[in-house]
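Numbering (UniProt numbering), first residue to last: 1 to 154. Worksheet for the structure shown next.
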Amino acid sequence: MATTSEIYVELVELSGHVVAKGAWSATLRADCLYQSAHLAKPGRRCRLLQGTWEITPFTPLAALDLSLGTCIQVVWLSNSAADKRSHSGAFAAIKANGSVVTWGDAAQGGNSSAVAPLLTEGVVQVYGNQYSFAAIKANGSVVTWGSAGHGGNS
Numbered sequence: 001m002a003t004t005s006e007i008y009v010e011l012v013e014l015s016g017h018v019v020a021k022g023a024w025s026a027t028l029r030a031d032c033l034y035q036s037a038h039l040a041k042p043g044r045r046c047r048l049l050q051g052t053w054e055i056t057p058f059t060p061l062a063a064l065d066l067s068l069g070t071c072i073q074v075v076w077l078s079n080s081a082a083d084k085r086s087h088s089g090a091f092a093a094i095k096a097n098g099s100v101v102t103w104g105d106a107a108q109g110g111n112s113s114a115v116a117p118l119l120t121e122g123v124v125q126v127y128g129n130q131y132s133f134a135a136i137k138a139n140g141s142v143v144t145w146g147s148a149g150h151g152g153n154s
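This is the structure:
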């Protein structure tokens, strides 16, 4: 059981699988939680969310809102949508600040200017097919762009 100077949390994937759980000193920063998540899937990048609030590695554990519970959501990130669309002429990547950058053939989703204001922050994953992309944001919303006939206009 955690003492008053410790914070008990569980790191849970979207599937409900518990990645890590335990008590950490309240004086630590959240990078210790990121390290625990990375032990479960070495080499993978992730984001940690408490509700719709993103926990950065620099967040003090003492700042976590325990009234929301002890469950911290782990969202695994792909390095870019190019991993899923290497056969296509357009690419999308999530930058470290949660924004999205796109390039390549505009007819295949390489031009996201129509939805650019929606892609400036909070993106946690990007998926693509041959002609369009979908970005999932930390608040649960989805932004799409590319060919309307292939899902780019939701």
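Ideal Cβ placement from N, Cα and C applies to all residues, glycine included.
**OP:** Give the secondary structure of glutamine 108 by DSSP, where H, G and I count as helix, E and B as strand, and everything else as coil.
**Re:** helix
* Asked: In whole angstroms, what separates the C-alpha of proline 60 from that of cysteine 32?
  -> 10 Å
**Message:** I'd like to check one pair, cysteine 46 with tryptophan 76: are the Cβ atoms closer than 9 Å?
**Reply:** yes
Requested in this report: Measure the C-alpha to C-alpha separation of serine 141 and asparagine 97 and round it to an integer number of angstroms.
Outcome: 17 Å
For glycine 152, count the other beta carbons within 10 Å of its own beta carbon; 16 or more makes it buried, fewer makes it exposed. Which is it?
buried
**OP:** Please classify serine 36: does DSSP put it in a helix, a strand, or coil?
**Re:** helix
(Q) If the criterion is Cβ atoms closer than 9 Å, does the pair threonine 102 and glycine 109 meet it? (A) yes
Limits of the beta strand (DSSP E) - the one that threonine 144 falls within:
142 to 146
How is the beta strand (DSSP E) around glycine 22 delimited, first residue to last? 18 to 25
| query | What are the partner residues of glutamate 121, as DSSP defines its beta bridges? | reply | In DSSP, glutamate 121 forms no bridge with anything.
query: Would DSSP call serine 132 helix, strand or coil?
result: strand
With DSSP run on the structure shown, which of helix, strand or coil describes leucine 66? helix
So, for alanine 134: in the same chain, excluding its five sequence neighbours on each side, which residues have a beta-carbon less than 6 Å away from its beta-carbon?
Tyr127, Val142 and Thr144
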